[in-house]
Each structure stands twice: as C-alpha cells, then as structure tokens.
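Working notes, beginning with the structure itself.
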Amino acid sequence: MFSIHELDQIDRDGALQETGEKAGVTRASLLKRAAIGGGAAIGGTAIFASVAGAASTGPSKTQDVAILNYALTLEYLEEAFYLDVLKNNVLKGDLLEFAKVAAADETAHRAFLVKALGTKAVKKPKFNFGAATQSEAKFTATSIALEDTGVSAYAGQGPRLLDKKVVAAALSIHSIEARHAAWIRQLSGVSGRKGSPAPVPFDVAKSMSQVLAVVKSTGFIVG
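Take 84 as the starting number for the sequence shown in this note's numbering and just add one per residue.
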C-alpha cells in the first residue's frame, strides 16, 4: 500500500517542501482570486479553477505549487468519496476491500501533498456525493470515472512540472491511481474490452480545463 513514508524517501533533500514554502503562489492569493462576488462564500470549484489559472504561466516553482494544489483538490475529492461510501456501509466483499484500500491510499496522497505544500495548500472543499455512495452499482461507476480522471489529470500535468523531485512524486501517485482504475474496472463485472482493467492501448492525458469540466459536471463539490 502507498504510504507517506515512501514519498518522504523521494523527497529526502526537502525539495518538495521547499517548493511549497518558497514559491510565489500564496494561499491567501488563491482564495482571493477564487472569491465569488463581494464577500460571498468561496466554492470548491472556484478554488479549483483559480488553481488551474495559476498553473498556466510556464515551468516555474510557482507553477509547480499550483499544479500540486490542483492535484491536492483531486485527492481531497477522492478521499472524501471513499470515506463517504465506507461510512454508508453499502459495500461488501471485494468492493469493500477495494474501497478500504483506495481510501487509505487517497488519504496518504492528500496528507503528503498538504505536507509538501505547507502553508500554500488550498483548503478542503465541501462535498455532497448524493446517490453515488448509496449503492454498489453507483459507487462502482463513479469510482471508475474518478480514477480514470485522476490518471488522466496526473498524466496531463506531469510534463509541465519543473522540479524533478515533484515529477518523481507525481509519477508515484499517478501509478497508484492507475492501479486503482484497473482494480475497480476488474470488479465492475462489465464484459469485453470496456470492462477490462486495460480498456485502451493508450491513455489520453487531460488538461486542467478538461478535468475541471468533469469535476464540475459531477456536482460533488458544493462549497
């Protein structure tokens, strides 16, 4: 299972922590840019969009921090999703085992990114998963969608990172997300290539705007 300790080994010289602490994107500036109207509540998708905008300046420590915050928002979402379905106690057997492992992995990813970013980490949004965590069928379909999105999101941003230590950490998380995606597809019971752990020969990376559109379309982030 993926652990914070393993990622700490990647960052032995503290490069990730330094990136999070010294880059120019501050938590306050992200929140300010994400504010809606005059003093209105800040929505999770607004913060997500703000992070995406901050990561469009070209390779730099500032962009690395923005990309890490983008990844952190996805990890917040996935962690909350798995913890919510476990709380609802609707899974059993292999699906239950998958959800427990995935929840632990996403928690480790989230904790590592928060630690790496330090005071630059964006806050956790509020979530409402509705029916997606109320049955095995809906959980399975949603999990496949989220894991596929996570894989394509990391693939899309990895080449844009400047710091090699950050690249190594992102690749470590990316491969675990891909294993999750393969595992839940295998458990889905769907026949043929569509339900295969490897449904296509080449995965297509998604841009931040494409991933943001997918996340917004779920309606899971409510504040």
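Cβ coordinates follow ideal geometry from the N, Cα and C atoms, glycine included.
Does the Cβ-Cβ distance between residue i and residue j come in under 7 Å?
i: Y165; j: A191; result: no
i: A236; j: V294; result: yes
i: D188; j: I259; result: yes
i: L157; j: G233; result: yes
i: V168; j: A182; result: yes
i: G241; j: A253; result: yes
i: T223; j: S271; result: yes
i: R268; j: I227; result: yes
i: E230; j: H257; result: no
Could you tell me the alpha carbon to alpha carbon distance between residue i and residue j, rounded to whole angstroms?
i: I125; j: K209; result: In this predicted model, I125 has a pLDDT of only 39, less than 50, meaning its place in the structure is not dependable enough to derive any value.
i: L196; j: N152; result: 8 Å
i: K221; j: R276; result: 20 Å
i: A281; j: A296; result: 24 Å
i: D147; j: K207; result: 19 Å
i: V273; j: K144; result: 43 Å
i: A261; j: Q217; result: 24 Å
i: S290; j: I150; result: 11 Å
i: D177; j: R243; result: 37 Å
i: F212; j: K175; result: 19 Å
i: G201; j: A154; result: 14 Å
i: K198; j: P142; result: 22 Å
i: E162; j: V184; result: 11 Å
The alpha helix (DSSP H) with residue i in it runs from where to where?
i: L229; result: 219–240
i: F195; result: 176–200
i: D167; result: 144–171
i: A264; result: 247–270
i: S307; result: This structure cannot speak to residue 307, because the chain is shown only from 84 to 306.
For residue i, which residues from the same chain have a beta carbon less than 8 Å from its beta carbon, with the 5 sequence-adjacent residues on both sides left out?
i: L160; result: P208, F210, L229, V298, F303, I304
i: A265; result: P280, A281
Residues in the same chain with beta-carbon distance under 7 Å from residue i, minus the five sequence neighbours each way, listed in chain order, please.
i: T301; result: none
i: A215; result: K221, F222, T225
i: E219; result: V173, L174, L178
i: N171; result: T216, Q217
Does any C-beta atom of chain D lie closer than 7 Å to the C-beta of residue i?
i: L270; result: Annotation note: the requested chain D is absent from the structure, which comprises a single protein chain.
Sorted by chain position, which residues of the same chain lie with C-beta nearer than 6 Å to residue i's C-beta, five sequence neighbours on each side aside?
i: S279; result: none
For this session: Would you check if there are 3 or more beta carbon pairs closer than 8 Å linking the region 245–256 to the region 285–300?
Result: The answer is no - the region 285–300 does not touch the region 245–256, with fewer than three Cβ pairs under 8 Å.
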